[in-house]
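Numbering (the working numbering), first residue to last: 41 to 322.
C-beta: ideal position from N, C-alpha, C; glycine also.
Owing to the predicted nature of the structure, the values given are computational and were not obtained by experimental measurement.
Written out below as structure tokens is the structure these notes cover.
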Ligand code: FE2
């Protein structure tokens, strides 16, 4: 049977906002227009060469009930948590952090000038795993396999592309690719119909979906795909770079309050109580 190419059914643009100690960023998922798209809870792009925009970083703050995935394109970050874990993120590295039952951490730039650019994604955890022990996967760039052939370059963070398997372990089936296409290229990737599938265009432009259908999409657009079992992107005169994200929806209730994402109001209240009592990360 031939593949059914998934068309773009919705396009969203991010909203400028600030978070942490006043870090300016673009929120793409987690906005009023797109609060979440199961199982994706948040997607931020931070990009600035102005130290004032990022220098204050993200001082200690808690998380419970989901995973944070930080993909750094430029710059250096220092990560530290209240359990004594510590790590350095360099350009091209990924931190896949399972907050589980709770962590309190800081994420601070290690530089006072130059470009800081990256993404943070929040991926929900199934109800049965929300209180799991926290886990870190700090993945340096050299551990991320890269397909690079004939004008198509794909970094495989998790999932598979062209026989390459990404290193990140996930709680639910997921795909995270960083795709760059030169002009006049066609990219194809099977993605099972039941997975929520998104593309975020980092730069350039391409046509997504069935060939000949619809116009081009351009940078800073988030594309949400409809039913089918293959993603297709085509470039003409321009290049494109995009993140391709897919994951199994959980179909569970989401009760969200700031840095905690649980299934019931009672669980959310418990998270705030644990945080106030100093037992969130015990
Ligand atoms: Fe955080």
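- Collapsing the DSSP output to three states places residue 234 in coil.
- Judged by DSSP secondary structure, residue 283 falls within the beta strand (DSSP E) whose first and last residues are 280-287.
- Between residue 45 and residue 251, the gap from beta carbon to beta carbon is short of 9 Å.
- Across the set 238, 47, 112 and 223, the C-alpha of 223 shows the shortest separation from the C-alpha of residue 244.
- Taking the Cβ of residue 234 as the reference point, every heavy atom of the ligand FE2 lies at 8 Å or farther away.
- If you check the C-beta of residue 174 against the ligand FE2, you find no heavy atom less than 8 Å away.
- Relative to residue 72, the option among 211, 164, 176 and 54 whose CA is nearest is 54.
- Per DSSP, reduced to three states, the secondary structure at residue 47 is coil, with no helix or strand assignment.
- Taken from the Cβ of residue 107, every heavy atom of the ligand FE2 lies 8 Å or farther away.
- Fewer than three Cβ pairs drawn from the stretch 116-123 and the stretch 183-200 lie within less than 8 Å of each other, which leaves the two stretches out of contact.
- If you draw a straight line from the Cα of residue 213 to the Cα of residue 62, it comes to about 34 Å.
- Taking 8 Å as the upper bound for CB-CB distance, residue 173 and residue 124 are not in contact here, some 14 Å apart.
- Between the ligand FE2 and the CB of residue 126, the shortest heavy atom gap is not smaller than 8 Å.
- Under the criterion of beta carbons closer than 8 Å, residue 237 and residue 286 qualify as touching, at roughly 4 Å.
- Measuring C-alpha to C-alpha distances from residue 207 to each of 227, 228 and 179 identifies 179 as the nearest.
- Linking residue 271 to residue 278 through their CA atoms gives a straight-line distance of about 19 Å.
- Uninterrupted alpha helix (DSSP H) stretches at least 4 residues long and entirely within the stretch 118-180 do not occur.
- Under the DSSP definition of a beta bridge, residue 77 partners with 80.
- Within a 10 Å sphere around the beta-carbon of residue 150 sit fewer than 16 other beta-carbons, which makes this residue exposed.
- Rounded to whole angstroms, the separation of the alpha carbons of residue 93 and residue 166 is 34 Å.
- Comparing C-alpha distances from residue 136 to each of 198, 168 and 85 shows the shortest one belongs to 198.
- For residue 299, the CB falls within less than 8 Å of some heavy atom of the ligand FE2.
- Residue 219 places its beta carbon less than 9 Å from that of residue 282.
- Of the candidates 88, 101, 77 and 67, 101 places its Cα closest to the Cα of residue 316.
- Taking a contact to require three or more Cβ pairs closer than 8 Å, the stretch 306-321 and the stretch 289-297 qualify as touching.
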